[in-house]
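For reference, the structure is listed below as structure tokens.
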Amino acid sequence: MIKAVNITKVFGSVKVLSEVSLHVGRAESLVVMGPSGSGKTTLLRIIAGLERPDAGEIYLDGSLVSTNKWRLAPHLRNIGFVFQTPALWPHMTIRENIIFGLGSIPKRQALERADHLLETAGILHTANRFPGQISGGEAKRAAIVRSIAPKPAIILMDEPLVNLDAKVKNQLFEYILKVTAAERTTLVYVTHDAAEAAKISGNILYMRGCK
Amino acid sequence: MPAITCINAAYRYIAGGLLLFFVLGPAVSLALYVAAADRQLASSMFSLILPEARRLDLFISSVGLSAASAAACMAISWLSGLGLCMVCRTCPKTFKAFSIFLWFMALLPPFVHAFSWQAAFGLAGEFMSVDLTRGFFCGKMASWWVQTMAWLPLGVGVALIGFRGIEPDLIEAARMTAAPGAVLRQIVLPLTFPLAAAGGILVFALCLLDYSIPSLFQVSVYALEIFADYSLYNSSGRALMMSVPLILAGGGLVWTFYLMCKPVLSSGSLTGNYYKGQDLPPVYKILVAAALIILFVQIMLPVCLLALAASKWHTVFSSIKDSVAELMFTLQAAFFAGTAGAALSAGAAGLMLRGSVWLPALFACFSLSLPASLTGIGLIELFNTPLFGAFYNTDSMVAAAGVSRFGGISLMIICLHLSRIDRLLFEAAELLQPPGWRRLLKIWLPLAAPGIAGAFMAVFMLSAGELGATLLVCPPGKTTLTVKIYNLLHYGASEAVAGLCLLLIAAGWAAGIAAAFLSERRNAGDQSC
Numbered sequence: 001m002i003k004a005v006n007i008t009k010v011f012g013s014v015k016v017l018s019e020v021s022l023h024v025g026r027a028e029s030l031v032v033m034g035p036s037g038s039g040k041t042t043l044l045r046i047i048a049g050l051e052r053p054d055a056g057e058i059y060l061d062g063s064l065v066s067t068n069k070w071r072l073a074p075h076l077r078n079i080g081f082v083f084q085t086p087a088l089w090p091h092m093t094i095r096e097n098i099i100f101g102l103g104s105i106p107k108r109q110a111l112e113r114a115d116h117l118l119e120t121a122g123i124l125h126t127a128n129r130f131p132g133q134i135s136g137g138e139a140k141r142a143a144i145v146r147s148i149a150p151k152p153a154i155i156l157m158d159e160p161l162v163n164l165d166a167k168v169k170n171q172l173f174e175y176i177l178k179v180t181a182a183e184r185t186t187l188v189y190v191t192h193d194a195a196e197a198a199k200i201s202g203n204i205l206y207m208r209g210c211k
Numbered sequence: 212m213p214a215i216t217c218i219n220a221a222y223r224y225i226a227g228g229l230l231l232f233f234v235l236g237p238a239v240s241l242a243l244y245v246a247a248a249d250r251q252l253a254s255s256m257f258s259l260i261l262p263e264a265r266r267l268d269l270f271i272s273s274v275g276l277s278a279a280s281a282a283a284c285m286a287i288s289w290l291s292g293l294g295l296c297m298v299c300r301t302c303p304k305t306f307k308a309f310s311i312f313l314w315f316m317a318l319l320p321p322f323v324h325a326f327s328w329q330a331a332f333g334l335a336g337e338f339m340s341v342d343l344t345r346g347f348f349c350g351k352m353a354s355w356w357v358q359t360m361a362w363l364p365l366g367v368g369v370a371l372i373g374f375r376g377i378e379p380d381l382i383e384a385a386r387m388t389a390a391p392g393a394v395l396r397q398i399v400l401p402l403t404f405p406l407a408a409a410g411g412i413l414v415f416a417l418c419l420l421d422y423s424i425p426s427l428f429q430v431s432v433y434a435l436e437i438f439a440d441y442s443l444y445n446s447s448g449r450a451l452m453m454s455v456p457l458i459l460a461g462g463g464l465v466w467t468f469y470l471m472c473k474p475v476l477s478s479g480s481l482t483g484n485y486y487k488g489q490d491l492p493p494v495y496k497i498l499v500a501a502a503l504i505i506l507f508v509q510i511m512l513p514v515c516l517l518a519l520a521a522s523k524w525h526t527v528f529s530s531i532k533d534s535v536a537e538l539m540f541t542l543q544a545a546f547f548a549g550t551a552g553a554a555l556s557a558g559a560a561g562l563m564l565r566g567s568v569w570l571p572a573l574f575a576c577f578s579l580s581l582p583a584s585l586t587g588i589g590l591i592e593l594f595n596t597p598l599f600g601a602f603y604n605t606d607s608m609v610a611a612a613g614v615s616r617f618g619g620i621s622l623m624i625i626c627l628h629l630s631r632i633d634r635l636l637f638e639a640a641e642l643l644q645p646p647g648w649r650r651l652l653k654i655w656l657p658l659a660a661p662g663i664a665g666a667f668m669a670v671f672m673l674s675a676g677e678l679g680a681t682l683l684v685c686p687p688g689k690t691t692l693t694v695k696i697y698n699l700l701h702y703g704a705s706e707a708v709a710g711l712c713l714l715l716i717a718a719g720w721a722a723g724i725a726a727a728f729l730s731e732r733r734n735a736g737d738q739s740c
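Chains as they are written, first to last, in the numbering used here: chain A, 1 to 211; chain B, 212 to 740.
Structure (structure tokens):
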């Protein structure tokens with residue numbers, strides 16, 4: 001499903017990734033761990049198409065989507081991305097944030113899907129509120145709902161549960177596992193937390209010194 | 212209590228008091244003049260508050276002209292900002308340096324642009340054998356165009372703050388699910404346009420309060436009417452009452468500008484990444500390219516045309532040589548105004564900055580919303596008294612005009628800078644050092660220095676180009692370079708004026724490039740190109 005071959009990325013004079021390769025099958029999970037600065041986030045951004053690799057190739061479903069000369073636009077990759085921060089658009093309500101990615105389906109169906117997902121996430125009451133009017137935990141939930149709303153084949157999560165208290169963290173973690181299992185979504189999950197990594201049934205990629 | 216604490220407290224109160232005196236003094240003295248007038252005179256003056264008949268028409272047409280310039284400036288600014296993000300996407304340093312450079316271009320006196328555009332249309336007319344200055348480029352149309360262009364660097368500078376304040380994650384989250392056009396329309400535009408709109412509102416206020424450009428194109432505006440009325444009746448009270456509609460409109464606009472900028476200015480996001488652009492749909496590409504060309508022309512045109520108008524370098528040098536006295540007087544007055552403005556503001560900031568910057572902002576709005584000529588009239592009213600008579604008709608009046616008009620801006624710059632410094636840096640010093648010179652010189656001053664330097668530069672450059680108040684308070688036998696150029700401009704475009712304008716522009720360019728270079732040095736740790 002996701003195949004990265006010898007990915008290298010350099011920012012200025014700093015080599016962030018050096019010939020990293022990985023393979024994740026359909027509906028499988030991969031946990032990416034490693035110290036700060038080891039290139040975890042950059043790897044995710046390259047898979048998502050937000051960055052172009054300086055060398056190497058990315059394949060999704062067997063199709064070449066990124067090389068050092070060309071890349072498929074991010075929105076055409078059918079990938080969901082959960083950032084470290086919720087990154088909810090402040091000028092839109094929570095419902096509008098979720099509907100934004102559902103442009104390809106009729107508005108009525110998009111509304112129904114958004115409300116259904118918000119309900120399963122337990123934050124339907126925030127639908128008409130703006131991001132500044134909800135709590136941090138609710139914002140993270142909304143960000144996760146936004147990423148899964150378009151039914152992506154792959155979800156990339158970059159430390160989605162940092163800065164949350166233990167209770168909310170556990171609830172959200174269970175929610176992520178439930179949703180990805182139900183939708184048979186391929187999951188790439190970056191974390192520093194060994195306990196979280198152990199709970200995700202899948203392979204673990206440990207990155208050290210940009211490899 | 213340690214001596215340094217006493218000195219510090221005394222300095223704050225003295226500096227705060229003096230700044231209040233200079234900024235509020237002119238308006239207060241005019242208000243007292245009206246209050247002291249007899250009942251019949253006061254009632255005739257109060258009747259001037261609401262414009263009627265010709266003055267009402269003039270007020271409406273001034274608002275319309277300013278609004279048209281502001282709207283055009285706002286649209287071009289946003290598109291130029293977007294274009295600059297695209298052009299500089301791989302080089303954040305260039306982006307930041309250019310943003311700083313633009314602020315210095317915005318400080319050039321607007322009538323310099325008027326002169327260069329006059330020269331441009333004159334030359335284009337000669338080339339096409341048509342007198343454009345009697346066709347398209349005259350009257351309100353010319354005034355609208357030149358006002359739009361003159362304030363464009365300011366508009367783009369404010370719009371770029373919006374592009375710098377945007378969180379990259381917000382854009383990237385959208386890019387994951389939508390095509391570039393949708394991302395631009397639904398995410399980038401709503402997130403960045405408020406700052407471009409705020410810039411437009413500021414331009415609206417500045418156009419409304421400025422008469423230098425319209426007067427060069429024989430367009431009568433309300434701000435000029437105040438000056439004309441004072442010249443005719445020599446009544447300070449009438450000038451104040453006539454200014455009320457302008458003060459209310461200008462003050463409201465400037466306060467709206469502050470409220471729109473507040474979320475970005477008070478957050479730390481300005482130092483973060485800027486919007487790095489994306490692939491644009493073809494229509495946007497054309498619009499952005501057009502806006503960038505207009506911005507480029509606006510920056511380069513004055514230099515190229517003035518150099519052409521001056522035609523020979525020896526003419527430039529001789530015009531500069533003939534104006535050495537005015538130049539030295541201008542630099543001297545601007546230096547004193549800048550030093551006093553920064554020093555008083557640094558002290559006053561300690562008093563006024565209490566968690567939020569609303570009080571300094573109110574102060575800045577007040578000083579910005581006073582028409583320049585009213586500040587000049589107020590200064591005459593304030594200093595032409597037995598108490599301050601020793602200062603009246605002296606060189607210090609020109610420096611006082613600079614502090615009065617731009618003291619609020621310098622206070623705002625320092626307060627904004629101080630409010631953005633992490634409090635922990637000061638608190639850590641408090642834990643490690645007792646109050647004293649060492650803490651002041653080693654911690655407070657280096658942290659506050661960029662703000663103080665910025666305040667000095669802003670007041671220095673704005674005072675050097677100040678016209679409305681300076682025109683009224685210049686001592687006999689002396690004049691500033693700006694006043695000299697403005698007077699010469701009414702005799703038509705000449706090589707001498709071109710040379711002097713070129714000098715002003717060169718000073719602006721030099722200051723802008725130096726500031727951009729220093730900023731780059733300071734941010735040497737940032738991401739490199």
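Glycine residues also receive a C-beta, built at the ideal position from the N, C-alpha and C atoms.
Taking the DSSP output, what are the residues bridged to Gly80 of chain A? A:Ile155
Along the alpha helix (DSSP H) that carries Lys3 of chain A, what are the first and last residues, could you check? Taken as a continuous stretch (DSSP letters only), Lys3 of chain A belongs to no alpha helix (DSSP H), being part of the beta strand (DSSP E) at Ile2 to Phe11.
Tyr697 of chain B to Ser288 of chain B, Cα distance in whole Å? 28 Å
So Val188 of chain A packs on Leu44 of chain A, CB below 8 Å; how close in whole Å? 7 Å
Can you name, in chain order, every residue of its own chain whose Cβ lies under 8 Å from the Cβ of Glu436 of chain B, other than the five neighbours on each side? Arg266, Leu269 and Met453
Between the Cα of Leu464 of chain B and the Cα atoms of B:Ala281, B:Ala659, B:Phe232 and B:Ser272, which residue gives the shortest distance? B:Ala281
With 16 other CB atoms within 10 Å as the buried threshold, where does Phe528 of chain B fall? exposed
By the 10 Å Cβ neighbour count, where 16 or more other Cβ atoms means buried, how is Glu159 of chain A classified, buried or exposed? buried
How many Å lie between Gln738 of chain B and Ala127 of chain A at the Cα? Because Gln738 of chain B sits at a pLDDT of 41, beneath the cut-off of 50, its placement in the model cannot be relied upon, and the following sentence gives the value as read from the coordinates. Spanning the two alpha carbons is a distance of roughly 38 Å.
Near Lys40 of chain A, which residues of its chain fall below 7 Å by C-beta distance, leaving aside the five closest residues on each side in sequence? Val32, Gly34, Val190 and Met207
Can you tell me where the beta strand (DSSP E) holding Tyr790 of chain B begins and where it ends? It is not possible to answer for residue 790 of chain B, since the shown part of chain B is limited to 212 through 740.
Between which residues of its own chain and Lys199 of chain A is the CB-CB distance below 6 Å, once the five residues before and five after are set aside? none
Under DSSP, the beta strand (DSSP E) around Tyr59 of chain A begins and ends at which residues? Ala55 to Leu60
Under 7 Å from the C-beta of Pro493 of chain B: neighbouring residues of chain A: What Pro493 of chain B touches in chain A: nothing, since even the nearest Cβ is about 16 Å away.
Give every residue of the same chain whose Cβ lies closer than 7 Å to the Cβ of Ile79 of chain A, excluding the five residues on either side of it in the sequence, and list them in chain order. Ala48, Pro152, Ile154 and Leu156
Can you tell me whether Arg71 of chain A is helix, strand or coil according to DSSP? strand
What distance in whole Å lies between the Cβ atoms of Arg113 of chain A and Ala149 of chain A, which are believed to be in contact at a cut-off of 8 Å? 6 Å
Return the Cβ separation of Phe428 of chain B and Gly350 of chain B in integer angstroms, given the expectation that the two are a contact with Cβ distance under 8 Å. 6 Å
What did DSSP end up calling Gly483 of chain B once you bin it into helix, strand or coil? Any reading at Gly483 of chain B must be qualified, since the residue scores a pLDDT of 49, below 50, and its modelled position is unreliable; the value itself is stated next. Coil.
Less than 8 Å separating the beta-carbons of Lys741 of chain B and Ser534 of chain B? Residue 741 of chain B lies beyond the range of chain B shown here (212 to 740); nothing can be said about it.
Answer with yes or no whether the minimum CB distance from Ile79 of chain A to chain B is below 8 Å. yes
Exposed or buried, Arg184 of chain A, counting other C-beta atoms within 10 Å across all chains shown (16 or more means buried)? exposed
Between the CA atoms of Val245 of chain B and Met256 of chain B - distance to the nearest angstrom: 8 Å
Chain C contact residues for Trp89 of chain A, given Cβ-Cβ distances below 9 Å: Structure shown: chain C not included; protein chains present are A and B.
Can you find at least 3 beta carbon pairs, one from the segment 232-251 of chain B and one from the segment 597-610 of chain B, that sit closer than 8 Å? no
Which residues in chain B have a C-beta closer than 7 Å to the C-beta of Thr237 of chain A? List them in chain order. Residue 237 of chain A is absent from the model: chain A starts at 1 and stops at 211.
Identify whether Met539 of chain B lies in helix, strand or coil by the three-state DSSP scheme. helix
Rounded distance between the beta-carbons of Ala680 of chain B and Ser556 of chain B, thought under 8 Å: Not confirmed; about 18 Å, so no contact.
What is the rounded straight-line gap between the Cα of Leu381 of chain B and the Cα of Arg146 of chain A? 12 Å
With a CB to CB cut of under 7 Å and the five nearest residues on each side skipped, what residues in its chain are close to Leu481 of chain B? Confidence is the limiting factor: at Leu481 of chain B the pLDDT is only 48, short of 50, which leaves the residue's position unreliable, though a coordinate-based value still follows. Answer for Leu481 of chain B: Ile372, Arg375, Gly376 and Val475, listed in chain order.
Rounded to a whole number of angstroms, what is the C-alpha to C-alpha distance between Pro456 of chain B and Ala409 of chain B? 21 Å
Taking CB distances under 8 Å as the criterion, tell me whether Ala253 of chain B reaches chain A. no
DSSP state of Asn203 of chain A, grouped into three classes? strand
Nearest to Ala741 of chain B by alpha carbon, out of B:Gly589, B:Gly227 and B:Ala238? Because chain B spans 212 through 740 in this model, residue 741 of chain B falls outside it and cannot be assessed.
Chain B contact residues for Ala48 of chain A, given Cβ-Cβ distances below 7 Å: Met387
Sufficient close CB pairs (3 or more, under 8 Å) joining the segment 291-300 of chain B to the segment 661-669 of chain B: no
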